[in-house]
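Asks:
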Amino acid sequence: MATEMALVKPISKFSSSTPIFSSSRYGKLTTVRMSSTSQSQPSPTTKSAGKKAAKTAIKETLLTPRFYTTDFDEMETLFNTEINRNLNQSEFEALLQEFKTDYNQTHFVRNKEFKEAADKIDGPLRQIFVEFLERSCTAEFSGFLLYKELGRRLKKTNPVVAEIFSLMSRDEARHAGFLNKGLSDFNLALDLGFLTKARKYTFFKPKFIFYATYLSEKIGYWRYITIYRHLKENPEYQCYPIFKYFENWCQDENRHGDFFSALMKAQPQFLNDWKAKLWSRFFCLSVYVTMYLNDCQRTAFYEGIGLNTKEFDMHVIIETNRTTARIFPAVLDVENPEFKRRLDKMVEINEKILAVGETDDIPLVKNLKRIPLIAALASELLATYLMPPIESGSVDYAEFEPQLVY
Ligand SMILES: [Fe+2]
Ligand SMILES: [Fe+2]
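Using UniProt numbering, you'd call the opening residue of the sequence shown number 1 and step up by one each time.
(1) CB-CB under 7 angstroms to D333, same chain, minus the five flanking residues each way: which ones, in chain order?
(2) Count the other CB atoms within 10 Å of the CB of Y103; is the residue buried (16 or more) or exposed (fewer)?
(3) Taking the continuous alpha helix (DSSP H) assigned at F328, which residues delimit it?
(4) Just the C-alpha distance for P372 and F178, rounded to the nearest angstrom, thanks.
(5) Would you mind sorting K55 into buried or exposed? The rule is 16 or more other CB atoms within 10 Å of its CB.
(6) Using three-state DSSP, classify E140 as helix, strand or coil.
(7) How is L190 classed by DSSP in three states: helix, strand or coil?
(8) For Y224, name the three-state secondary structure that DSSP assigns.
(9) Where does E93 land, buried or exposed, given buried means 16+ other C-beta within 10 angstroms?
(10) Which partner residues does residue 418 have in the DSSP bridge list?
(11) In chain order, what residues of the same chain have a beta carbon less than 8 angstroms from the beta carbon of E399, not counting five sequence neighbours either side?
(12) Just to confirm, does N168 get its C-beta within under 8 angstroms of one of the non-hydrogen atoms of ligand 2?
(13) Restricting to Cα atoms, I'd like to know which of S142, K218, Q127 is closest to D185.
(14) Do L167 and K265 have their beta-carbon atoms positioned less than 9 angstroms apart in this structure?
(15) Any heavy atom of ligand 2 closer than 8 angstroms to the Cβ of E253?
(16) According to the Cβ coordinates, are D285 and F328 closer than 9 angstroms?
(17) Quick one, which of R326, G304, T320, C296 has its alpha-carbon nearest K310's?
So this is what it looks like as C-alpha cells:
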C-alpha cells in the first residue's frame with residue numbers, strides 16, 4: 001500500500017519514549033535489519049558489525065514500523081453478503097476485473113540506469129536516498145502483509161472481495177520488491193523475512209483499518225504523482241530513475257484507495273454518524289501531521305530532488321483532503337491558513353523534543369525536559385483537531401439504499 005497509516009504514538013527514530021508520530025510509510029524504518037551485499041559498505045546492523053552495532057539493532061527494533069492487524073472475524077461478518085445487504089457485489093465484480101487486468105504487470109522492469117545513477121549519488125544525499133528506499137519499501141511491505149492476510153481470511157465469506165485483497169497484495173509486493181532492488185543499487189537489502197517476524201503489529205478495528213488505509217493509499221497516490229510531475233518538469237533533479245516509474249505506480253495506489261472507498265460505502269454505519277465524523281477528522285489529523293513532521297526531519301531529501309518540503313507536503317495534504325472529502329463525512333479545514341501555522345508550530349516543538357534526545361543528559365533529565373514539550377505538542381494537536389471542520393461526503397447514507405450508485 002502506499003501506506004501512511006499513522007497513529008498518535010510516542011515513537012521516533014530517536015527513542016521509543018520520544019513523543020513523535022510513528023508511521024509505517026514515512027516513519028523511520030526502525031526494525032529494518034539491513035544486510036550488506038558489499039564488503040565495502042557494511043551496514044551498521046549486520047551481525048558482524050560488533051557490539052555497538054548490535055545495540056543499534058536492538059534500539060531499532062523498539063522502533064519497528066507499524067504493521068497492522070485487525071479483527072478478521074468482524075471483517076468476515078462485514079463482508080458476508082447475507083448479513084450486509086449494502087454490499088454492492090456488482091461494483092466489487094467490476095473492481096475485481098480492473099485488478100485482474102493488471103495494468104502494471106510489465107511496468108516494474110529495471111535497467112542499468114539504476115546502478116549507474118546510484119553510484120553517482122554520494123555524500124549526505126546517498127544516506128538520505130537509502131533511508132527513503134528503506135522507508136518506502138517497509139511501508140509497501142506492510143500493505144502487502146495486511147492485504148495478503150485479508151485475502152486469505154475473506155476467501156470463504158466473500159471470494160470477490162478476498163480476491164481483490166490478494167491482487168492488491170500482489171501490487172504491494174511488487175512495489176516493495178522494486179524498492180528493495182533499488183536498495184541493492186546502494187549495496188544494501190532489506191531483510192523482509194526478519195521484518196515479518198519482528199511483528200510489531202498494531203491492532204486496529206476494521207473501521208479504523210478502513211479510514212487509515214484509505215488515507216494511506218490516497219496520500220501515497222498524491223505523493224508519488226506530485227514527485228513524478230515535478231521531476232518531469234524539472235528533469236535536472238532526476239537523479240535516480242525510480243521516480244520515472246511513479247506515474248503508473250501511483251495508479252495502483254489510487255485503485256487501492258478506490259477499493260477502500262467502495263468498502264466504506266458498503267459499510268454506511270462507518271460513515272454516517274457523529275462518531276464517524278470525529279474519527280474521520282482524527283485519522284486525517286494523524287496522517288497529515290505524521291507526514292509533515294517526518295518530512296520536515298528529512299528536508300534534505302526533498303531539497304535534493306528540487307522540492308520545497310513544506311510546500312510539497314501542503315500540496316499533498318490539500319489534494320488528499322479534497323479527495324478524502326468525497327467519502328469521509330468530515331475532514332479538516334486544511335486550506336485554512338491556521339492549519340499550516342499550527343503544523344509549523346508542531347514542527348518547532350518536535351525539533352526541540354528531538355534536540356533533547358541529542359543532549360548528553362541522563363534519561364531522567366531528558367524525560368523531565370520533554371514533559372512540557374510533549375504537553376505543548378498535545379495542546380497544538382488538540383487545537384488543530386478542534387478547528388471548525390468541513391462537513392463532507394457525497395451521499396446521504398441515512399437512507400441505506402443498496403442500489404445507490406455513488
Ligand atoms: Fe504500494
Ligand atoms: Fe497501495
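Think of the CB as a built atom: it goes at the ideal place given N, C-alpha and C, for glycine as much as any other residue.
Replies: Put simply:
(1) The residue labelled residue 333 in the question sits at position 333 within the sequence shown. Hits under 7 angstroms: F339, M387, P388, P389, I390.
(2) Translated into positions along the sequence shown, residue 103 becomes position 103. Y103 comes out exposed.
(3) Position 328 of the sequence shown, counted from the first residue, corresponds to residue 328. Unbroken run through F328: none, as it is neither H nor E.
(4) Translated into positions along the sequence shown, residue 372 becomes position 372. Translated into positions along the sequence shown, residue 178 becomes position 178. Roughly 43 angstroms between the two C-alpha positions.
(5) For the purposes of this step, residue 55 is taken as the residue at position 55 of the sequence shown. Summary for K55: the model assigns pLDDT 31, below 50, so the residue's position carries little reliability; its value from the coordinates is reported in the next sentence. Per the 10 Å Cβ criterion, exposed.
(6) What you label residue 140 is simply residue 140 of the sequence shown in a count that begins at 1. Helix, per DSSP.
(7) As a working mapping, residue 190 is identified with position 190 in the sequence shown. If DSSP states are grouped into helix, strand and coil, L190 belongs with the strands.
(8) Start at 1 with the first residue of the sequence shown, and residue 224 comes out as number 224. DSSP places Y224 in helix when its eight states are reduced to three.
(9) Taking the first residue of the sequence shown as 1, we reach residue 93 at position 93. Exposed is the call here.
(10) This structure cannot settle anything about residue 418, because the visible part of the chain is limited to 1 through 406.
(11) The residue given as residue 399 occupies position 399 in the sequence shown. At E399 the pLDDT is 40, less than 50, meaning the model places this residue with poor confidence and gives no usable figure here.
(12) Counting from 1 along the sequence shown, the entry for residue 168 is found at position 168. Reading off the sequence, residue 168 comes out as Met, not Asn. Yes.
(13) Start at 1 with the first residue of the sequence shown, and residue 185 comes out as number 185. Minimum Cα distance to D185 is reached at Q127.
(14) On the sequence shown, position 265 is the one that residue 265 refers to. On the sequence shown, position 167 is the one that residue 167 refers to. Not closer than 9 angstroms, so no.
(15) Residue 253 sits at position 253 when you count from the first residue of the sequence shown. Result yes, Cβ under 8 angstroms from ligand 2.
(16) Taking the sequence shown and counting its residues from 1, the one referred to as residue 285 is at position 285. Taking the sequence shown and counting its residues from 1, the one referred to as residue 328 is at position 328. It should be noted that the sequence gives Leu, not Asp, for residue 285. Their beta carbons are not under 9 angstroms apart, which means L285 does not touch F328 by this criterion.
(17) On the sequence shown, position 310 is the one that residue 310 refers to. For K310, the nearest C-alpha among the options comes from C296.
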